[in-house]
Amino acid sequence: MTTEIKVPVLPESVADATVATWHVQVGDSVTRDQVVVEIETDKVVLEVPATSDGVITAINEAEGATVLGEQVIGVLSEGAASGDAAPKAEAAPAAAASTGGETVEILVPVLPESVADATVATWHVAEGEAVSRDQVIVEIETDKVVLEVPATADGVMGKILNAEGDTVLGQQKIGEMTAGASAAAAPASAPAAEEASGDGVASPSVRRLMTEKGLTEADVKGTGKGGRITKEDVEAATKPAAPAAAPAAAAAPVAAQGERSQKRVPMTRLRKTIANRLLEAKNSTAMLTTFNEVNMKPIMDLRKQYKDVFEKTHDTRLGFMSFYVKAVNEALKRYPAVNASIDGDDIVYHNFFDISIAVSTPRGLVTPVLRDADQLSMAGIEKGIKELAIKGRDGKLTMDEMQGGNFTITNGGVFGSLLSTPILNMPQTAILGMHKIQDRPMAVDGKVEILPMMYLALSYDHRLIDGKESVGFLVAVKELLEDPTRLLLDI
Numbered sequence: 001m002t003t004e005i006k007v008p009v010l011p012e013s014v015a016d017a018t019v020a021t022w023h024v025q026v027g028d029s030v031t032r033d034q035v036v037v038e039i040e041t042d043k044v045v046l047e048v049p050a051t052s053d054g055v056i057t058a059i060n061e062a063e064g065a066t067v068l069g070e071q072v073i074g075v076l077s078e079g080a081a082s083g084d085a086a087p088k089a090e091a092a093p094a095a096a097a098s099t100g101g102e103t104v105e106i107l108v109p110v111l112p113e114s115v116a117d118a119t120v121a122t123w124h125v126a127e128g129e130a131v132s133r134d135q136v137i138v139e140i141e142t143d144k145v146v147l148e149v150p151a152t153a154d155g156v157m158g159k160i161l162n163a164e165g166d167t168v169l170g171q172q173k174i175g176e177m178t179a180g181a182s183a184a185a186a187p188a189s190a191p192a193a194e195e196a197s198g199d200g201v202a203s204p205s206v207r208r209l210m211t212e213k214g215l216t217e218a219d220v221k222g223t224g225k226g227g228r229i230t231k232e233d234v235e236a237a238t239k240p241a242a243p244a245a246a247p248a249a250a251a252a253p254v255a256a257q258g259e260r261s262q263k264r265v266p267m268t269r270l271r272k273t274i275a276n277r278l279l280e281a282k283n284s285t286a287m288l289t290t291f292n293e294v295n296m297k298p299i300m301d302l303r304k305q306y307k308d309v310f311e312k313t314h315d316t317r318l319g320f321m322s323f324y325v326k327a328v329n330e331a332l333k334r335y336p337a338v339n340a341s342i343d344g345d346d347i348v349y350h351n352f353f354d355i356s357i358a359v360s361t362p363r364g365l366v367t368p369v370l371r372d373a374d375q376l377s378m379a380g381i382e383k384g385i386k387e388l389a390i391k392g393r394d395g396k397l398t399m400d401e402m403q404g405g406n407f408t409i410t411n412g413g414v415f416g417s418l419l420s421t422p423i424l425n426m427p428q429t430a431i432l433g434m435h436k437i438q439d440r441p442m443a444v445d446g447k448v449e450i451l452p453m454m455y456l457a458l459s460y461d462h463r464l465i466d467g468k469e470s471v472g473f474l475v476a477v478k479e480l481l482e483d484p485t486r487l488l489l490d491i
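377 is the number that full-length UniProt numbering gives to position 377 of the sequence shown; each next residue is one higher, with no gaps.
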C-alpha cells in the first residue's frame, strides 16, 4: 500500500512554500513519525513526518521547489522495509556498539521563554563514534547564545536525526546514543579518519572562527599543546603567503585568468538577529546623534601612576572602561530620561543601572549586561567586563547575561575608529560611543598644547530625550572624565 507525502495545510496568510530539506532519499527505509521533509514558509518551518513504517519510493519535488498546500511531493510504500532494503549506513552504528547498552535520547535543551526555536550548529561526533560522559557532542545555536549538549554517559553515538543547519525546538529529539556500549567493532580506519578530521584539536569558538574563514582543520597547523589549533593559528592560516622576491621581480604582470570562484555561506542566527534589530532601531525610532570631545590626559596620568599598584591589589588591570562606566552611571543619575525606555505609550523610568557593554565576538557583536554597575568598584567593573568579554569570545554567555540593560557603551576606539554614529540597542533609548584617543593640537589658555583627545558620540531616541537632556548628559560625561577626582567625591 502506498501513501502520498503531502505539503501540510498552510496558514491562511501564506500563499505558497518551499521544499527546504529532504532528510531521506528514494529507497531509504523510514519509521513512523520520522521527519522525512521540511517545508519552509516565510514565517515558520513545517516538518512532515512519515505516517507509517515503509520505504520512500518517489520524490516529486526537489529541494528549493515552490509548492502549495496539500500538494503531493513524494510517495511512501508502507511495510516495504525488509532486511535487504534497509540502508547499509545503519549497520555502522550497530556494528560499533559491540557490547550493547541502553539507548539514550539526545534532546535540545529547554529554550528560554523569549526564544521560539534554534538551529543545530555543530555536531562534534559522528555516528558510531565513541563518546565519554560530559563530552560536548552537539552545539545548538539560538539568536542570542550557543547551548552545548554534553553526553550523559560513556557510550557510542547512534543515529543523528537532525543535521547541521536544521531548525529545532526545545526538548526535540535530535539524536541517539547507546550508553555503556563500546566502539571496539568500529572500522579500523576510524582512528585515521578522526586524526584527519582534527576532532578534539580545536575548541568550539575556534571551530566557529574557522568556519567563518572558510578553513578546515587540514588547512591549519596547530601550535598549541598536543597540536591543538588556536585562534592565532587560524589567523596565521588566513594571511596570504609572501611571494618570493626574485621570481616576483623577474615575472611580468599577468592578467587574471581562469575561474574566479565565489563562496555563499548562510547567515548565522545571531547575524540575522543583529541585522533585524539594527533595521528595527533605524526604522522605528527618531534616532539622533550628538558629539563632544574629551581630554583624556587626566585619566591617562592617573592610570600611569596607579596601574601597577591597582593590578597588584585587585589582580586585574586598570583600563579605561571602568572610568567610562563610572562617568555614565553618574550622568544617568542626573538625567533619568536617558536611563528610561518606551513601552507602547508609556515611559518606563529605571531606578537601577544595568549597563550593556558591546563585545565583539567571532559570531558577531553582542551586548552582555553589567548588573548594578553603580554599586561596583573600579576593580569590580574591570573584572565584570573582562569576564563578559571572555564568555562572549568563547560563546559561553547565558541568556540572563544577555537580557535587560538600560544603557549601552560601545568602544570602537579599540579597533581604531576615530568617529562614528552608534545605533540604538532597543528598547534602550540611548547609546554612548567611545573612540580612538589621538594626540591633537588644542588651544589651552591662549596657548597651543598637544593633548590626547577622544570624540564622544551619544545616539538617542528623540521621541523621549530632548536636545537639552542629550547635550547635558554628554557634557556631564565629558566633565567627569576630564576631572576623574569628581567620580570619587561624587560631585
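Built from N, CA and C at the ideal position, the CB exists for glycine as well. Predicted model, so just to flag it, every value in this text is computed and none were measured.
- Out of V414, G79, V26, V45, the CA that lies nearest to the CA of I59 is found in V26.
- Excluding the 5 residues flanking it on each side, V36 has same chain C-beta neighbours closer than 8 angstroms at I5, W22, H23, V24, V30, V48, P49, A50, I56, G74, L76, in chain order.
- A residue is called buried once 16 or more other Cβ atoms fall within 10 Å of its Cβ, and R269 is buried on that count.
- Between V120 and G165, the C-beta gap is smaller than 9 angstroms, which places the two residues in contact.
- Cα atoms of I174 and F352: separation of roughly 41 angstroms, rounded to the nearest angstrom.
- With a cut-off of 8 angstroms on Cβ pairs, the segment 387-404 is not in contact with the segment 323-341, counting fewer than three such pairs.
- According to the DSSP secondary-structure assignment, R440 is paired through a beta bridge with L451.
- Minimum Cα-Cα distance from P266 among the listed residues H314, K282, N295, G214 corresponds to G214.
- Secondary structure note for F473: its alpha helix (DSSP H) is the uninterrupted segment 467-482.
- In this structure, DSSP gives K221 a state outside helix and strand, which the three-state scheme calls coil.
- In the structure shown, G404 falls within a coil segment according to DSSP collapsed to helix, strand and coil.
- When DSSP states are grouped into helix, strand and coil, F291 belongs to the strand group.
- Under the three-state reduction of DSSP output, T273 falls in the helix class.
- Look at A15 here: in three-state DSSP terms it is coil, with no helix or strand label.
- Of the candidates A218, G222, Q438, T230, T230 places its Cα closest to the Cα of L209.
- Contact between the segment 288-299 and the segment 461-475 is established, with three or more Cβ pairs separated by less than 8 angstroms.
- Counting only residues of its own chain and dropping the five nearest sequence neighbours on each side, P484 has a CB closer than 7 angstroms to the CB of P298, I299, L302, F323.
- A direct Cα-to-Cα measurement between M453 and R440 gives close to 6 angstroms.
- Apart from the 5 residues on each side of it in sequence, V9 sits with its Cβ closer than 8 angstroms to the Cβ of G69, E70 in its chain, given in chain order.
- A straight-line Cα-Cα distance of about 9 angstroms links I450 and A443.
- Residue K383 holds the alpha-carbon nearest to the alpha-carbon of D315 among G170, R334, L278, K383.
- Cβ-Cβ separation between T167 and V45: approximately 5 angstroms, consistent with a contact (criterion under 8 angstroms).
- In this structure F415 is exposed. Its beta-carbon is surrounded by fewer than 16 other beta-carbon atoms within 10 angstroms.
- Cβ neighbours of P336 within its own chain (closer than 7 angstroms, five residues either side excluded): Y349.
- For the 9 angstroms CB-CB criterion, A218 and N425 do not form a contact.
- Taking F320 as the centre and dropping the five residues before and after it, the same chain places no C-beta closer than 6 angstroms to its C-beta.
- Setting aside the 5 residues that flank it on each side, D233 is surrounded in the same chain by V220, K221, G222, T223, each with a C-beta closer than 7 angstroms to its C-beta; the list follows chain order.
- Per DSSP, L424 lies in no alpha helix (DSSP H) segment and is marked neither H nor E.
- A62 and V19 have their C-alpha atoms spaced approximately 7 angstroms apart.
- Boundaries of the alpha helix (DSSP H) harbouring T313: 297-314, taken from the DSSP string.
- The shortest CA-to-CA distance from D374 to any of L488, A116, P362 is the one to L488.
- Judged by their CB atoms, M296 and L481 are nearer to each other than the 9 angstroms cut-off.
- Counting only the Cα atoms, D345 lies some 47 angstroms from I137.
- When the beta-carbon positions are compared, S360 and G405 stay at least 9 angstroms from each other.
- Distance from E293 to L456 at the Cβ level is roughly 7 angstroms; contact confirmed, criterion being Cβ atoms closer than 8 angstroms.
- For the pair L107 and Q171, the CB atoms are nearer than the 9 angstroms cut-off.
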